[in-house]
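Have a look at the structure below, then the notes.
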Amino acid sequence: MIELLESIIRLALWLALAPLLPGLINKVKAWVAGRQGPPVLQLYYDLAKLWQKQVVLSTLASPGFLIGPAVAWVALAGVALLMPLGPAGSGLSFRGDVLLLIYLLALARFGTAWAAMETGSAFEGMGSVREVSYAVLTEAALVAAVLTLCLQSGTVSLVTMLSPAAGAGAALLAAGLFTVLLAENCRVPFDDPNTHLELTMIHEAMILDHSGPPLAVILHGASLKLLLFAALLTQAVLPLGGLPAPAGMAMLLAGILAVTVGVGLVESLLARFAFRRVPLLLTTAFLLCLFALLVAWKGRVA
Amino acid sequence: MNSSSLNLLIGLAMGLNLLALGSSRLPSLIRTMSLQGVVLGLMPLLVEAHAGWAVWLIVAATVVGKGMIIPGFLQRAMRTANIDRELAPFIGFVPSLLLGAGGTIAAVALAQNLPLLPEHAGSLLVPGSLASVLTGFILLIGRTKAISQVCGYLILENGIYLFGLLLLHSTPLLVESGILLDLTVGVFIIGIIVDRIQRAFDSLDTRKLTVLHE
Chain G
13 MIELLESIIR
23 LALWLALAPL
33 LPGLINKVKA
43 WVAGRQGPPV
53 LQLYYDLAKL
63 WQKQVVLSTL
73 ASPGFLIGPA
83 VAWVALAGVA
93 LLMPLGPAGS
103 GLSFRGDVLL
113 LIYLLALARF
123 GTAWAAMETG
133 SAFEGMGSVR
143 EVSYAVLTEA
153 ALVAAVLTLC
163 LQSGTVSLVT
173 MLSPAAGAGA
183 ALLAAGLFTV
193 LLAENCRVPF
203 DDPNTHLELT
213 MIHEAMILDH
223 SGPPLAVILH
233 GASLKLLLFA
243 ALLTQAVLPL
253 GGLPAPAGMA
263 MLLAGILAVT
273 VGVGLVESLL
283 ARFAFRRVPL
293 LLTTAFLLCL
303 FALLVAWKGR
313 VA
Chain F
85 MNSSSLNLLI
95 GLAMGLNLLA
105 LGSSRLPSLI
115 RTMSLQGVVL
125 GLMPLLVEAH
135 AGWAVWLIVA
145 ATVVGKGMII
155 PGFLQRAMRT
165 ANIDRELAPF
175 IGFVPSLLLG
185 AGGTIAAVAL
195 AQNLPLLPEH
205 AGSLLVPGSL
215 ASVLTGFILL
225 IGRTKAISQV
235 CGYLILENGI
245 YLFGLLLLHS
255 TPLLVESGIL
265 LDLTVGVFII
275 GIIVDRIQRA
285 FDSLDTRKLT
295 VLHE
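Chain order of the listed sequences is G and F.
Under my numbering, the letters of the first sequence match residues 13 to 314, in that order.
Under my numbering, the letters of the second sequence match residues 85 to 298, in that order.
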């Protein structure tokens, strides 16, 4: 019973903290540009506002239009349950849970793309195509990164995989995972979250026809995904398992904050890449993770 | 031999190989190539435990030659020829990156099965050298601009130089300095040839050099 309660509190914490990250990124961007910027809690206000609005449904849309965002959100919440929190461990852990994590992320992507296709609009279809085709490359990078961690720790469970330090290839792994984070969450240089130019956007193009509570669910899911990737990156690189609990927790928070500020800085200092250059950058991310894997493998052989 | 920092430098050089394969503009390719030359040039100091004046001399000559003189010639040639800086590849950037990465992994795997001396077994010298030679080949085959092919040739030479470090104890440094001199003169001549090609053909695209003119 206590365990169930603990899992629920843990999940509530994840869900409550997630919308902070986009607010922080926007604050960093505003600070670099010398502006006041929106309040850090802006996404909370937006979500509350959207939740009260009514839904506009396309005549073409099947129930999938509403089920898709829900599937995506539940899948991401499931990932949040699996993801360990430094010394505090994870809410749900078993042998091989890392595979479930990868499949849940894919399911979330499928849910959003499915809902986007339901609108019958060409723009949403285009956004889905872009999202899914980039995901082919980012997933390869993510799988290579996960293999690296498996090989280094000799286990296939997330809690034991993420607790030791990343070893010799840590810098490679960090760079690769950071690029994957930018691509998966549709940040600059892959996609501009502020743009509303239909020809160039990816994530925004997919959710263009959503409104009201489904849009709120999608936005909340996107912020949760960003927090999940930031937590994964931090724990993959830093040796949080060997530290005492308060220090480990503080280090995890500091790492997530550093990743968030990094995303904000990248977004302020870089322009969005041309489409034809994106596969090159994603291939580079894949190769970075692949070489981290190679370093880990050589370290084991030697 | 200070093997861990040596391996780190070789790893850096292997990363620069991939950067060279992925760079789409001529100036960045030249910079990457010269940075690799400098990184490799510093290596004799790590291989040789007690570096005499000859080693210091060769290191200084390599760093100045590969880091400043050769890229200087190439950049001058690029400016005087006034060419388009975008590289037009035969083999696209993503395929050449994947080829380079596959080659690097194959080189590491191959080197583990080679009958090397025990003191070289843990070192990345052999895989690094094979990977650089492969990268040089891919650049030579896969790019159309004459200057980018020169860069490919220089990266190939970097690979051979890396292999030469294995034999540093038995070959006199005179051989290495001779190669360096040849290389500098070669690039100097290529700089002049590039200018001539540009005047004769109005382009540095080597695809146009397949037809003989009277």
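Ideal Cβ placement from N, Cα and C applies to all residues, glycine included.
- What Thr295/G touches in chain F, judged by beta-carbon distance under 9 angstroms, is Gly106, Phe177, Val178, Leu181, Leu182, Ala185, going in chain order.
- Contact between Ala195/G and Thr150/G holds, since their C-beta atoms are separated by about 5 angstroms, short of 8 angstroms.
- Per DSSP, the continuous alpha helix (DSSP H) segment holding Ser213/F begins and ends at 209 to 226.
- The contact set of Pro256/G on chain F, defined by CB atoms closer than 9 angstroms, is empty, because the minimum CB distance reaches about 30 angstroms.
- Rounded to whole angstroms, Lys61/G and Glu15/G show a C-alpha spacing of 34 angstroms.
- Counting along the chain, the unbroken alpha helix (DSSP H) around His232/G starts and ends at 224 to 249.
- Taken through DSSP and simplified to helix, strand or coil, Lys65/G comes out as coil.
- Cβ-Cβ separation between Phe135/G and Leu220/G: approximately 6 angstroms, consistent with a contact (criterion under 8 angstroms).
- Beta-carbon to beta-carbon, Leu223/F and Ile239/F are separated by about 6 angstroms, close enough to satisfy the 8 angstroms threshold.
- Each residue's CA atom was taken as its position, placing Leu294/G and Thr191/G some 7 angstroms apart.
- Rounded to the nearest angstrom, the Cβ distance from Gly95/F to Leu208/F is 6 angstroms, consistent with a contact under 8 angstroms.
- Counted as a single uninterrupted DSSP element, the alpha helix (DSSP H) harbouring Asn91/F occupies residues 87 to 106.
- In terms of CA proximity to Ile230/G, Asn197/G leads the group Asn197/G, Thr71/G, Leu265/G.
- Sequence-distant Cβ neighbours of Val139/F in its own chain, meaning closer than 6 angstroms and more than five residues away, are Pro128, Glu132.
- Comparing C-alpha distances from Ala185/F to each of Leu306/G, Arg312/G, Gly311/G, Lys310/G shows the shortest one belongs to Leu306/G.
- The three-state secondary structure of Arg109/F, taken from DSSP, is strand.
- Positions of the alpha helix (DSSP H) runs, each at least 4 residues long and wholly inside the segment 230 to 266 of chain F, are given as 230 to 250 in order along the chain.
- Counting C-beta pairs with one atom in each stretch, the segment 282 to 289 of chain F and the segment 257 to 269 of chain F have fewer than three that are closer than 8 angstroms, which means they do not touch.
- Here Gly276/G really is in contact with Ile37/G; their C-beta atoms are around 4 angstroms apart, less than 8 angstroms.
- Contacts between Ile222/F and chain G, judged by CB atoms closer than 8 angstroms, are missing: the closest CB pair is about 14 angstroms apart.
- Rounded to the nearest whole angstrom, the CA to CA distance from Ala147/G to Val155/G is 12 angstroms.
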